[in-house]
Amino acid sequence: MSGDRAVITGIGVVAPGAVGREAYWELLSAGRTATRRITCFDPAGFRSRIAAEVDFDPWAAGLSHRQIRRMDRAAQFAVVSAREAVADSGVDLPGAGTDPARVAVVIGSAVGCTTSLEREYQVLSDDGRHWLVDHAYGVPHLYGYMVPSSLAVEVAWEVAAEGPVSLVSTGCTSGLDAIGHGAQLIEEGTADIVLAGATDAPLSPITSACFDAIRATSANNDVPEHASRPFDAERDGFVLGEGAAVLVLEKATAARARGAQMYAEIAGFAGRSNAFHMTGLRPDGREMAEAIAVALRRARRDPSAVDYVNAHGSGTRQNDRHETAAFKKSLGERAYRVPVSSIKSMIGHSLGAIGSLEVAACALALREQVVPPTANLRNKDTECDLDYVPLTARDHPMDTVLSVGSGFGGFQSAAVLTRAGT
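Per the working numbering, the sequence shown runs over residues 1 to 422.
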């Protein structure tokens, strides 16, 4: 173990309402919402007909014809985010000044290339005999759509990474877990540079049908911009989204030696599983509280040091109350004094990608010393009785930030970010 903590030196973002790191922060700090009626397919037959879509032109984003033809939308998001993160960090990738065997990639995704697979199935199922012989149907790229690891491979190709390359798929904690695993590669000395983050582009009939079936998504179709309302008494589920965020992680000593900007240090990470139910959560929040406690211990921080909590805050009653209980259990009295907010109120829930987008938001919040708000929170659930920063961003001094994630399957994750050098 090298003992050298990982720091974030570059951030790249593709998000609903904002492509690019600075546009993303402007949207969050302004409290703007990106939820609209679905346009990428006809949602007329669905209970929930709204989503947080990314306004994304792959040509304008600088992808080549070959990349656009080959890559699923989620892969396109990941590569564009990675490019921005590398440029932001100033690292030489790919370049003669960097050993490619010491560059790693960890990408998270909950649903992989579902959208492309669904499209190919619709085409190919019309005439099964053409599956293996007629390239006009797009079959040359079918294998890449079938294996989620292709998302990480595309990023590795982009930066010529020859170190460990992996795909993390732990549901809605995938992005947070990918960053935690990336930081571990730095700390144990396996890699000098890690591109870590997550991507998902799940907006498709099959994904919408899955969440419609369990009534997890909001049916507030008439006023979509107000549909995502974490911790609000009138919330009725989460808003599906899409997007990606990729971070450049480096050893703190190496980043400091080259005079790099350091947004934050990944000071501690932990994950737990409730081994309980695919979609259900224990009401006492025990497993999330345990993940928070371990992450804080690894960060060598007391609960009283936490200055801001970036909540999972999906907007389902079960999650919001479970999370509130977890904060009280893990932070004690500090839970009542620390600001807590959910950016899903603005950019929706992009499944596996959201954890990386939330960590990116935390890093930017540390840079700006501003807590992003929980949009649409006008009538707080009485069982959610913490300070959820309603409607408007708040100037707030911060050295230590906690970001948490919760996912179907019982996944619970927590990461502690600190200002570099604190």
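Backbone N, C-alpha and C define an ideal beta-carbon position, used for all residues, glycine too.
Need the endpoints of the alpha helix (DSSP H) that residue i sits in, please.
| i | result |
| --- | --- |
| Thr324 | 317-331 |
| Arg367 | 354-368 |
| Thr207 | 205-213 |
| Leu176 | 174-187 |
| His65 | 65-70 |
| Leu344 | It should be noted that the sequence gives Lys, not Leu, for residue 344. Its alpha helix (DSSP H) spans residues 344-347. |
| Val153 | 150-159 |
| Tyr24 | 21-30 |
| Met278 | Taken as a continuous stretch (DSSP letters only), Met278 belongs to no alpha helix (DSSP H), as it is neither H nor E. |
| Val294 | 286-298 |
To which residues does DSSP link residue i through a beta bridge?
| i | result |
| --- | --- |
| Ala198 | Gly108, Ala245 |
| Phe56 | Looking at the DSSP assignment, Phe56 forms no beta bridge with any residue, so it has no partner. |
| Lys251 | Ala6 |
| Val103 | Ile193 |
| Phe238 | Thr217 |
| Gly12 | Val246 |
| Ser350 | None, per the DSSP bridge assignment. |
| Pro372 | According to DSSP, which records beta bridges pairwise, Pro372 is partnered with nothing at all. |
| Arg36 | Ala51 |
| Pro390 | Thr374 |
| Asp232 | Lys380 |
| Ser314 | None; Ser314 has no bridge partner. |
| Val338 | Its beta-bridge partners do not exist; DSSP assigns none. |
| Ala18 | Ala15 |
| Asp395 | Val370 |
Just confirm the distance between the C-beta atoms of residue i and residue j, as a whole number of angstroms; I'd bet it's less than 8 Å.
| i | j | result |
| --- | --- | --- |
| Asn274 | Glu265 | Asn274 to Glu265, Cβ: 29 Å. No contact. |
| Ile292 | Ser342 | Not confirmed; about 16 Å, so no contact. |
| Pro230 | Thr35 | Pro230 to Thr35, Cβ: 13 Å. No contact. |
| Leu377 | Val401 | In fact, because the Cβ distance is near 20 Å, the residues do not count as touching under 8 Å. |
| Val370 | Ala295 | The pair is not a contact, with the Cβ atoms about 23 Å apart (cut-off 8 Å). |
| Val13 | Ala360 | 6 Å |
| Pro205 | Glu118 | 7 Å |
| Gly413 | Gly180 | Residue identity differs from the one stated: residue 413 is Ser in this sequence, not Gly. Indeed they touch by this definition, with Cβ atoms about 7 Å apart. |
| Ile8 | Tyr263 | 4 Å |
| Cys384 | Arg334 | At roughly 17 Å, the Cβ-Cβ gap does not stay under 8 Å, so Cys384 and Arg334 are not in contact. |
| Gly144 | Arg66 | That pair is no contact at about 13 Å. |
| Ala254 | Asp284 | Incorrect: roughly 42 Å between the Cβ atoms, too far for contact. |
| Arg425 | Asp212 | Look at the range of the chain in this structure, 1 to 422, and you will see that residue 425 is not part of it. |
| Ala6 | Ile186 | 4 Å |
| Asp88 | Gly10 | 4 Å |
| Glu154 | Ala75 | 5 Å |
| Pro241 | Ala52 | Reading the sequence as shown, one finds Gly at residue 241 and not Pro. The pair is a contact, with the Cβ atoms about 4 Å apart (cut-off 8 Å). |
| Ala299 | Thr418 | 7 Å |
| Phe408 | Gly271 | Actually they do not touch by this definition, with Cβ atoms about 15 Å apart. |
| Thr217 | Thr114 | Between Thr114 and Thr217 the Cβ distance is about 16 Å, and since that is not below 8 Å, they are no contact. |
| Pro442 | Gly280 | The structure shown has nothing for residue 442, since the chain only spans 1 to 422. |
| Asn221 | Arg49 | 5 Å |
| Glu323 | Ser406 | 7 Å |
Starting from residue i, trace the beta strand (DSSP E) both ways and give me its first and last residue.
| i | result |
| --- | --- |
| Gln412 | 411-418 |
| Arg272 | 264-273 |
| Arg406 | The sequence shown places Ser at residue 406, not Arg. Note, Ser406: beta strand (DSSP E), 400-407. |
| Val79 | Unbroken run through Val79 is the alpha helix (DSSP H), 73-89; no beta strand (DSSP E). |
| Tyr308 | 308-310 |
| Val168 | 165-168 |
How about residue i: is its C-beta nearer than 8 Å to some C-beta of chain C?
| i | result |
| --- | --- |
| Thr33 | In the structure shown, chain C does not exist; there is a single protein chain. |
| query | Are the region 349-369 and the region 195-206 touching by the rule of at least three beta carbon pairs closer than 8 Å? | reply | yes
| request: Could you tell me whether the region 52-71 touches the region 4-21, using the rule of 3 or more Cβ pairs below 8 Å? | output: yes
| Do the region 155-174 and the region 187-195 touch if we need at least three Cβ pairs shorter than 8 Å? | yes
| query | Do three or more CB pairs link the region 167-184 to the region 93-108 at distances below 8 Å? | reply | Under the three-pair Cβ rule at 8 Å, the region 167-184 counts as touching the region 93-108.
| query | Do three or more CB pairs link the region 388-403 to the region 21-32 at distances below 8 Å? | reply | Flag = yes, the region 388-403 and the region 21-32 touch.
| task | Check whether the region 70-87 touches the region 241-258, taking contact to mean three or more Cβ pairs, one atom from each stretch, closer than 8 Å. | result | yes
| query | Taking one C-beta from the region 305-323 and one from the region 234-243 each time, how about it: are there three or more such pairs within less than 8 Å? | reply | yes
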